[in-house]
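Right, dumping it as structure tokens:
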């Protein structure tokens with residue numbers, strides 16, 4: 007009788023395991039959790055320190071975890087993600103620099119332009135001319 011109950015319990019546990027979402031089965035690394043939060047909130051004015059605080063760690067600890075996972079620092083990741091979105095918006099919308107600046111959490115279009123040039127090697131207008139269809 008014990009073996010039958012143990013076998014049934016084992017079967018139930020296997021079924022429950024298979025039905026559980028994968029995310030609940032596998033603990034996520036700090037780098038993965040940061041990456042998910044970044045994807046959700048990159049357009050907000052959140053700083054790298056804000057992300058670290060939300061993840062319950064220091065910025066130093068977050069940057070070490072990112073480095074070990076071969077990601078750039080938190081701040082560099084934020085900028086990279088924002089610039090990727092800026093490029094997408096510049097190519098696929100008719101939004102102006104001001105709209106994109108504010109949409110991506112920057113307060114100053116001139117500062118946004120400097121960051122964009124530093125990251126891409128082109129001014130916003132150069133990028134648009136060389137990449138926008140038509």
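In my numbering, the protein residues as written are 7 to 140. Beta carbons are placed, not taken as given, at the ideal position from N, Cα and C, and that holds for glycine.
For residue 68, the enclosing alpha helix (DSSP H) starts and ends at 65-74. In chain order, 89, 93 and 133 place their CB closer than 8 Å to the CB of residue 126, counting only its own chain and leaving out the 5 sequence neighbours on each side.
Assigned with DSSP and collapsed to three states, residue 81 falls in helix.
For the options 138, 45, 22 and 70, the alpha carbon positioned closest to that of residue 86 is the one of 45. Taking 8 Å as the upper bound for CB-CB distance, residue 65 and residue 55 are in contact here, some 5 Å apart.
Collapsing the DSSP output to three states places residue 87 in a helix.
For residue 132, the enclosing alpha helix (DSSP H) begins and ends at 130-137. A residue is called buried when at least 16 other Cβ atoms come within 10 angstroms of its Cβ; residue 51 does not meet this threshold and is exposed.
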